[in-house]
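Right, one structure below, let's go through it.
Residue numbers (my numbering): 3 to 492.
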């Protein structure tokens with residue numbers, strides 16, 4: 003492949019996005035470049051403050067526990083308050099937490115600050131993901147998530163290098179730098195990023211369509227999305243296990259901590275070096291195929307750890323395999339969430355999905371440590387292999403229709419999301435609670451599963467799950483079966 007072809011390929015990968023996306027991308031890069039707290043927190047607690055390894059592990063787990071609460075909180079604020087206010091507020095809260103860690107020294111104060119930091123850091127993510135879904139055409143959403151994920155890992159790699167070089171300045175200095183970088187991220191969002199929360203929709207007469215209130219319970223009642231969340235939880239458990247199980251397994255083989263450092267560095271190197279290439283190769287592919295493939299790569303990569311013996315090269319090869327799965331899974335899962343989410347509830351859907359990541363981040367380290375310390379590492383890697391395969395089967399069997407591989411009933415999914423019957427002036431209709439809409443092109447009626455009559459007027463296509471009335475152009479939109487992604491939004 004020539005230099006010119008590589009240049010054209012790279013240009014095609016990053017082209018076509020609005021300016022606002024690149025400001026969001028830059029804010030992600032700046033934020034992660036200064037992400038020193040989580041990288042060096044355990045060392046700070048044990049080496050500088052003299053706390054036990056048990057306490058350090060507990061504090062890190064509290065950060066994950068905060069994320070479990072922060073993700074749905076951020077999702078609700080994203081839909082109610084707006085994308086930009088949520089991002090700015092939570093970035094500033096995370097910055098204040100990082101600065102506080104440079105000051106507090108008592109065990110309880112540190113634990114409290116880290117818990118609050120977990121809430122703030124996880125709460126900002128639904129607003130970021132919802133903003134990308136708002137501003138990027140649907141056929142480019144997965145590519146946009148991949149680029150943002152690349153920025154996150156590029157920033158993290160810079161932080162790891164910079165933190166190692168600046169460690170002689172002291173841990174507290176690094177925490178202050180983290181606070182400054184996060185504040186700068188908030189400033190970028192405040193000054194350069196527009197608010198993208200969709201305006202209230204109107205019907206053909208110009209009357210406002212009353213959107214139903216969507217709670218977290220409503221989101222969890224969405225069967226296809228609930229399946230996506232549960233399968234993602236399985237994948238996240240597999241993905242998180244190596245971060246605890248791999249160093250313990252390598253130590254059990256007599257390998258030094260520095261060997262683990264070399265092996266796990268492969269993860270960041272592969273992502274930074276090859277994310278754009280992987281994104282180019284997987285662009286426009288079926289989301290179900292990509293999610294299935296990524297699950298199998300996670301299963302194969304983690305399962306093969308049991309066969310690595312004492313070879314550093316073999317351990318590094320297993321990391322390469324599941325890292326490729328990571329590069330495929332993360333943007334595809336985020337894009338699938340955006341596809342299934344109603345426009346006015348994108349924040350809440352992304353919040354519930356983010357909660358699955360946080361739960362796995364809290365549960366998997368505890369479970370992996372217990373299995374390695376009990377039955378042994380081989381049992382852990384056999385379990386991760388089985389769970390990864392189970393997730394792959396689940397994606398194939400349970401989500402093929404919901405993620406629109408057959409191209410039917412696609413467009414209305416994005417524009418809908420539950421509601422109550424409303425009547426507007428001028429003969430307009432109508433938002434309906436539950437059920438499905440008539441697809442006979444005229445005045446239709448139907449009975450949903452809880453006995454609510456659904457009445458529609460006009461040419462309305464079939465919905466998916468809970469539905470509201472959509473404009474005919476939106477309801478008739480479709481997805482190319484070959485592309486596996488929705489057509490661009492109007």
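Note that beta-carbon positions come from the ideal geometry of N, C-alpha and C, so glycine has one too.
Since the model is a prediction, treat every value here as computed from it, not as a measurement.
Environment of residue i [buried if 16+ CB atoms lie within 10 Å]
i	result
residue 205	buried
residue 399	exposed
residue 188	buried
residue 333	buried
residue 465	Any reading at residue 465 must be qualified, since the residue scores a pLDDT of 33, below 50, and its modelled position is unreliable; no value is offered.
residue 207	exposed
residue 202	exposed
residue 363	buried
residue 196	exposed
residue 118	buried
residue 411	Unreliable placement is indicated for residue 411, whose pLDDT of 33 sits below 50; the coordinate value is still reported in the next sentence. Residue 411 comes out buried.
residue 299	buried
residue 1	Residue 1 falls outside the range modelled here, since the chain spans only 3 to 492, and no answer is possible.
residue 458	Note that residue 458 scores a pLDDT of 31, beneath 50, so its modelled location is shaky and nothing firm can be said.
residue 180	buried
residue 6	exposed
residue 130	buried
residue 349	buried
residue 36	buried
residue 377	exposed
residue 413	With a pLDDT of only 36 at residue 413, under the threshold of 50, the placement of this residue in the model should not be trusted; the figure read from the coordinates follows. Buried: at least 16 other Cβ atoms inside 10 Å.
Inter-residue spacing [alpha-carbon to alpha-carbon] between residue i and residue j
i	j	result
residue 17	residue 312	44 Å
residue 32	residue 178	14 Å
residue 274	residue 361	26 Å
residue 226	residue 293	15 Å
residue 136	residue 57	41 Å
residue 372	residue 379	10 Å
residue 41	residue 190	24 Å
residue 389	residue 341	25 Å
residue 365	residue 309	25 Å
residue 60	residue 39	15 Å
residue 77	residue 403	26 Å
residue 111	residue 405	45 Å
residue 66	residue 122	11 Å
residue 383	residue 304	6 Å
residue 268	residue 321	7 Å
residue 218	residue 171	45 Å
residue 392	residue 80	33 Å
residue 216	residue 125	18 Å
residue 381	residue 241	16 Å
residue 230	residue 50	42 Å
residue 186	residue 395	43 Å
residue 13	residue 19	12 Å
residue 278	residue 211	41 Å
residue 161	residue 34	7 Å
residue 325	residue 209	50 Å
residue 356	residue 108	30 Å
residue 281	residue 290	16 Å
residue 159	residue 259	19 Å
residue 214	residue 262	51 Å
residue 297	residue 155	20 Å
residue 245	residue 316	16 Å
residue 113	residue 285	42 Å
residue 157	residue 72	22 Å
Run of the alpha helix (DSSP H) containing residue i, from where it starts to where it stops
i	result
residue 249	225 to 254
residue 142	Premise fails: residue 142 is in no alpha helix (DSSP H) and is neither H nor E.
residue 195	It is not in any alpha helix (DSSP H) - residue 195 carries neither H nor E in the DSSP assignment.
residue 205	Counting along the chain, residue 205 falls outside any alpha helix (DSSP H), and DSSP gives it neither H nor E.
residue 85	85 to 103
residue 304	289 to 305
residue 317	314 to 342
residue 35	21 to 35
residue 42	39 to 45
residue 385	379 to 400
residue 282	259 to 284
residue 57	55 to 82
residue 353	348 to 375
residue 221	218 to 222
Residue-chain proximity (residue i, chain B), Cβ-Cβ < 8 Å
i	result
residue 48	The chain labelled as chain B is not found in the depicted structure, where only one protein chain is given.
Note to self: With three or more beta-carbon pairs closer than 8 Å as the criterion, would you say the segment 141 to 160 touches the segment 102 to 116?
What the structure shows: no
Note to self: Whether or not the segment 124 to 144 and the segment 336 to 354 are in contact is what I'm after, with contact meaning three or more pairs of Cβ atoms, one per stretch, closer than 8 Å; do they touch?
What the structure shows: yes
Note to self: Counting beta carbon pairs with one atom in the segment 249 to 269 and one in the segment 112 to 126, are three or more of them shorter than 8 Å?
What the structure shows: no
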